[in-house]
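Enquirer:
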Amino acid sequence: MPHDVFISYSTVDIKAVEAICHILEEQKIRCWYAKRDADTGGHWAEDIMDAIHDCTSVVYLISASSNGSKFTLNELTEAITLDKKIFPVRIEDVMPSKGVKLLLTSVHWMDAISPPFEEHVSRLAKEIQQHLIAVEASPKRETTPPGRNADEWLKKGETYRKQKQHMGAVEVCDRPELTVQFERTRLNAGEWTRAQLKITNSGDAHAFETYVIFSEDFDTKWIKPVTVRAGTTATLEFGVRPRTKGEIPLEISLNCTDENGKKYDHQQEFWIEVIDGLPGMGTMPRPPSEGEPLVSEIANRYHNWTYIGKGGFARVYRARKKNDLDVAVKIPISLDESTAPAFLNEIQKWISLDHENIVKVYDYNILPVPYFEMELCDSSLNDVDRPMVCDEAAWILFNVCEGLKYAHAQFILHQDLKPQNIMLKNGVPKVADWGLSRVMDVFTLEYTSPEQIGEKKMDTRTEIWQLGVILYELVCGDPPFTGKTMVETGMKITTSEPVPPVQVNPETAGLELIILRCLHKDPNRRYQSIFNLQRDLAGYLNMNYAESLKLSIDRDDVGRSAQYCSELMLINLMIGETGGAYRYATDLSNYVRGDVREGTRELTDQIRCCLEEGVTEIPYELMEKARVIDHKVQNESFE
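In case it helps, full-length UniProt numbering puts the sequence shown at residues 1 to 639.
(1) Buried or exposed: where does residue 482 fall if 16 or more other Cβ atoms within 10 Å of its Cβ makes it buried?
(2) Determine which residues share a DSSP beta bridge with residue 249 and list them.
(3) According to DSSP, is residue 116 helix, strand or coil?
(4) How is residue 55 classed by DSSP in three states: helix, strand or coil?
(5) Under a three-way DSSP split, which group does residue 575 fall into?
(6) Is residue 419 helix, strand or coil when you go by DSSP?
(7) Under a three-way DSSP split, which group does residue 8 fall into?
(8) With DSSP as the reference, please indicate the residues paired to residue 31 in a beta bridge.
(9) What first and last residue would you give for the beta strand (DSSP E) that runs through residue 178?
(10) Please say whether residue 61 and residue 29 have beta carbons closer to each other than 8 Å?
(11) Near residue 366, what residues of its chain come up, given a Cβ to Cβ distance below 6 Å and the 5 sequence neighbours on each side ignored?
(12) How many angstroms separate the CA atom of residue 630 from the CA atom of residue 549?
(13) Considering residue 374, what are the terminal residues of the beta strand (DSSP E) in which it resides?
(14) Since residue 5 and residue 57 should fall inside the 8 Å C-beta cutoff, what is the C-beta to C-beta distance between them, to a whole number of angstroms?
(15) Helix, strand or coil: how does DSSP classify residue 406 here?
(16) Quick one: residues in its chain with C-beta nearer than 6 Å to the C-beta of residue 616, no 5 flanking neighbours on either side, listed in chain order?
(17) Since residue 206 and residue 230 should fall inside the 8 Å C-beta cutoff, what is the C-beta to C-beta distance between them, to a whole number of angstroms?
(18) Could you pull the start and end residues of the beta strand (DSSP E) that residue 237 belongs to?
(19) What is the rounded straight-line gap between the Cα of residue 498 and the Cα of residue 430?
(20) For the candidate residues 273, 478, 421 and 415, whose alpha-carbon lies nearest to that of residue 460?
(21) Given a threshold of 16 other Cβ atoms within 10 Å of its Cβ, counted over all protein chains shown, does residue 545 qualify as buried or as exposed?
(22) Can you list, in chain order, the residues of its chain whose CB lies under 7 Å from that of residue 565, leaving out five sequence neighbours each side?
(23) With a threshold of 16 other CB atoms inside 10 Å of the CB of residue 609, please say whether the residue is buried or exposed.
(24) Run through DSSP, which three-state label would residue 429 get?
(25) Taking only the alpha-carbon atoms, compute the straight-line gap between residue 420 and residue 313 and give it to the nearest angstrom.
(26) Using C-beta distances below 8 Å, list every residue in its chain close to residue 124, excluding the 5 sequence neighbours before and after it, in chain order.
(27) Under 8 Å between the Cβ atoms of residue 196 and residue 237?
(28) Buried or exposed for residue 466, please, with buried defined as at least 16 other CB atoms from any protein chain shown within 10 angstroms of its CB.
(29) DSSP state of residue 193, grouped into three classes?
(30) To the nearest angstrom, report how far apart residue 537 and residue 509 are at their CA atoms.
(31) Check for me: the beta strand (DSSP E) holding residue 303 runs from which residue to which?
(32) Keeping to the same chain, check which residues put their C-beta closer than 6 Å to that of residue 121; ignore five residues upstream and five downstream.
(33) Where DSSP assigns a beta bridge to residue 314, which residues make up the other side?
(34) On the three-pair Cβ rule with 8 Å, is the segment 379-393 touching the segment 344-364?
(35) By the 10 Å Cβ neighbour count, where 16 or more other Cβ atoms means buried, how is residue 208 classified, buried or exposed?
(36) Taking Cβ positions, are residue 368 and residue 298 nearer each other than 8 Å?
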């Protein structure tokens, strides 16, 4: 049945929407709002645009949430383009945003803030009824919306049809265009090495059954054929072993087919330096002579030892357990009777932390030699190229905040956050080395807060400072405070202001206020909790990812659309925004297929229950299910 009024709102304000709709419909005014009337099995964006087209007027709810929502702004833009009557209604004590003021050249709204609420809405109902009478008395509207010719409107309809086609099947495209990234430039002769290969498809067609073949001077294991969707990158992890030494030309060949079975191939060449095993590689490295008998004893618990490196606290090795699990083993360089108890105390705290964004500790002891065994990761944040893309840096910090938020709930602080302590595993950031700086009573100066230098009380806000330094470094290329000497660096940390990020990298404009708030000398002027910092990062990511999602939809890029929907769903879940999470989970279910689609629909139902019951603290099981689905989507495990 046709409706009279479309209600534009932020999902946070759903209770107000339901109350307004109830009163209007008692006055025989037919209302349409997304949560009730959109087809949850279809695509909300299309339903919303159709509903705006069919209505005679739009009730636009002004609140803090709708002021910051691109979705309500888009709805308002569409309504004005179609020459709809707009009824702005203020439901919170906030002024309309600049975007709303620009669209409504004469901003006059009805206040529904103070009681009695029912009287305000009843007055709104009378104004709507008067408008309906005027519309009925006027000549019938043209089927083509005012301000647009028929060709333009048909073109818009064709765009909707293409989007809908993508939800049901993969579009037939032109051809795949594949390129390869292989970052290894040096390998050890005759030794297996864990490596990664990135295949990017910049073409207009999906690449199915993509086979990777190395030239005959290299052996490989565990390379499986993959599908690389148009406009995406697939990452393969595998083993590689050179057969001979020297400067060896490596040719990587890719063979794939498009969805019509047509075959394509691509070759790329790389020069690889193959050398004899480096000291400490392939066998257990020789520690100081006085520790050799003890290290030899612990070596018997593992095999395939590989030396990774040495930090200020410990030597790090990669090793394989008897159950074939690869782990990282850290052996402290210098523990004695005075520091061993502190070591055990901090490791016991660390092992109690069980979270996706915290490196897991599997085992530890001080006999026969102090050591601990932990989750093996791919690299650390210190290894990434800088400056990073701002969205990527914000996403990493957002997830680091998720781990810290969990630890703080257990009353556990890290207090030595730096890129070397943030590990990456399959792209997921994980915080490591909990409490180890306190064992040795040392900190890395560039990431030290003013209160640490002044030996004042440290708390959550100390870590917020350190996160600000890390984010600044990731997007600007260098830490904000550096000097030729330790004294000069320390003086800058305590007395100097950082160069504004936007002066170093203009792309940081959206992050600058967040970074500078983290870097206030006065802890009381920083974010007062990790959650508050995470919420602002979420606002930045929501805005940027939502814009990227819109672009991917405009380009008919199903793979990218699914990835952005999945990330937006996760972001909103992590900060307890169940309304946003429900919207993106619903959209995601339209892009994925098979088991992933079924899992996404189940997740959507669970999120809807949380939304209806007002739950903002998302259950652990639901978060884990969301992470599993996101992992599958990001790795293109759905077909």
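All residues carry an ideal CB built from backbone N, CA and C; glycine is no exception.
Expert: Well, looking at it:
(1) exposed
(2) 271
(3) Residue state, collapsed to three classes: coil.
(4) DSSP places residue 55 in coil when its eight states are reduced to three.
(5) coil
(6) helix
(7) strand
(8) 5
(9) 178-181
(10) no
(11) 340
(12) 15 Å
(13) 371-375
(14) Contact between residue 5 and residue 57 holds, with the beta-carbon distance rounding to 6 Å and staying under 8 Å.
(15) DSSP, reduced to helix, strand and coil, places residue 406 within a helical segment of the structure shown.
(16) 576
(17) Rounded, the Cβ-Cβ distance is 5 Å, consistent with contact.
(18) Residue 237 -> beta strand (DSSP E) spans 233-242.
(19) 27 Å
(20) 415
(21) buried
(22) 549, 584, 587, 588 and 591
(23) Under this definition residue 609 is an exposed residue.
(24) strand
(25) 12 Å
(26) If we look at residue 124 and ignore the five residues flanking it on each side, its Cβ neighbours are 20, 24, 59, 87, 89, 110 and 112.
(27) It is a contact, given that the beta carbons lie within the stated cut-off.
(28) buried
(29) strand
(30) 13 Å
(31) 303-310
(32) Same-chain partners within the cutoff: 20 and 23.
(33) 332
(34) no
(35) The residue is buried, with at least 16 neighbouring Cβ atoms inside 10 Å.
(36) yes
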